[in-house]
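Trainee: I am attaching a structure below and will ask some questions about it afterwards.
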Amino acid sequence: MANHKSSLKRIRANATKRLRNRYQAKTTRT
């Protein structure tokens, strides 16, 4: 696991983005 502040911030941002994407994919129907 990388311990750089920038990488940690990026990991957290990616996690939140992925959760939001999963939620939208589940709710939206095209």
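Heads up: the sequence shown begins at 159 in this note's numbering, then just goes up one per residue.
Glycine included, every Cβ here is placed at the ideal spot set by N, Cα and C.
Whole angstroms is fine: what's the gap from residue 165's alpha carbon to residue 171's?
Mentor: So the alpha carbons of these two residues sit roughly 10 Å apart.
Trainee: Roughly how many angstroms lie between the CA atoms of residue 184 and residue 178, to the nearest whole one?
Mentor: Taking the straight line joining both Cα atoms gives about 10 Å.
Trainee: Helix, strand or coil: how does DSSP classify residue 185 here?
Mentor: In this structure, residue 185 counts as helix in the three-state DSSP scheme.
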